[in-house]
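Structure record follows, encoded as structure tokens.
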Amino acid sequence: LQHTDQRTRELASGLLVKIAGATAGAATQVVVTVTASLLHADPQVRAQAARTLTGVAEYDHMDVARAAVELFAHEDAAIRAVAVSVLSSLSGVVGESNAEVMALAEVGLSSPLWFVRLAAVQSL
Numbered sequence: 050l051q052h053t054d055q056r057t058r059e060l061a062s063g064l065l066v067k068i069a070g071a072t073a074g075a076a077t078q079v080v081v082t083v084t085a086s087l088l089h090a091d092p093q094v095r096a097q098a099a100r101t102l103t104g105v106a107e108y109d110h111m112d113v114a115r116a117a118v119e120l121f122a123h124e125d126a127a128i129r130a131v132a133v134s135v136l137s138s139l140s141g142v143v144g145e146s147n148a149e150v151m152a153l154a155e156v157g158l159s160s161p162l163w164f165v166r167l168a169a170v171q172s173l
């Protein structure tokens, strides 16, 4: 996902989503791998990683939600924004409202850090 060529990133993304759906337990490994790309300095790499996680959410939405919520506390506002977009996009994948995903996001509301609270509110 961190390749400089956009088409290569798209192909890698599609392959990762297929791997996540093909093998039991593979989605968790894909989420761990792709989450590292959410921290990349290039906003295009972060955006592709977010799209990949949204695709993987069909197979394991809770791991994707946990990975996104963990990034609420990141010091970089752009990375927090990507985390919010990933969590917000889950509603389209898992249904209008998923109580488990909502509960994960709500944990951030009690954080002492203002930017974590803001990210939690934005994702709800």
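Quick note, the numbering used here runs 49 ahead of the 1-based positions in the sequence shown. A virtual CB, placed ideally from N, CA and C, is assigned to each residue, including glycine. Keep in mind the model is a prediction, meaning the values are calculated, not measured.
field: Alpha carbon of Phe164 to alpha carbon of Ala127, nearest angstrom
entry: Roughly 12 Å separates the two Cα atoms.
Sequence-distant residues of its chain with Cβ nearer than 7 Å to Gly157 (five each side left out): Hits under 7 Å: Val118, Phe121, Val165, Arg166, Ala168 and Ala169.
- prompt: Taking C-beta to C-beta, are Gln51 and Ser86 nearer than 9 Å?
  reply: Against a cut-off of 9 Å, the Cβ pair of Ser86 and Gln51 comes out as a contact.
field: Short Cβ contact (9 Å threshold) for Ala96 with Val133
entry: No, Cβ-Cβ distance for Ala96 and Val133 is not below 9 Å.
query: With a CB to CB cut of under 6 Å and the five nearest residues on each side skipped, what residues in its chain are close to Gly104?
result: For Gly104, where only same-chain residues beyond five positions count, the Cβ hits under 6 Å are Val66.
- request: Give the range of the alpha helix (DSSP H) segment to which Ala51 is assigned.
  value: Here the sequence assigns Gln to residue 51, which means Ala is not the residue at that position. Where Gln51 is concerned, there is no enclosing alpha helix (DSSP H), given that its DSSP letter is neither H nor E.
message: Using C-beta distances below 7 Å, list every residue in its chain close to Met27, excluding the 5 sequence neighbours before and after it, in chain order.
response: Residue 27 lies beyond the residue range present for the chain, which begins at 50 and ends at 173; the question has no answer from this structure.
message: Could you check whether Val81 and Ala69 sit closer than 9 Å to each other, using their CB atoms as the reference points?
response: No, Cβ-Cβ distance for Ala69 and Val81 is not below 9 Å.
- request: Under 8 Å by Cβ, that's how I've got Ala61 and Tyr108 pegged, so tell me the actual separation to the nearest angstrom.
  value: That belief does not hold up - the Cβ atoms of Ala61 and Tyr108 are roughly 17 Å apart, past 8 Å.
- request: Report whether the distance from the Cβ of Ala116 to the nearest heavy atom of the ligand NAP is below 8 Å.
  value: The ligand NAP is absent from the structure shown, which contains no ligand whatsoever.
- request: Since I believe Leu136 is in contact with Ala152 (beta carbons under 8 Å), could you give me their beta-carbon distance rounded to a whole number of angstroms?
  value: The Cβ separation is near 12 Å, so there is no contact.
field: Of the listed residues Glu124, Ala71 and Leu102, nearest to Ala116 (C-alpha basis)
entry: Closest option to Ala116, Cα to Cα, is Leu102.
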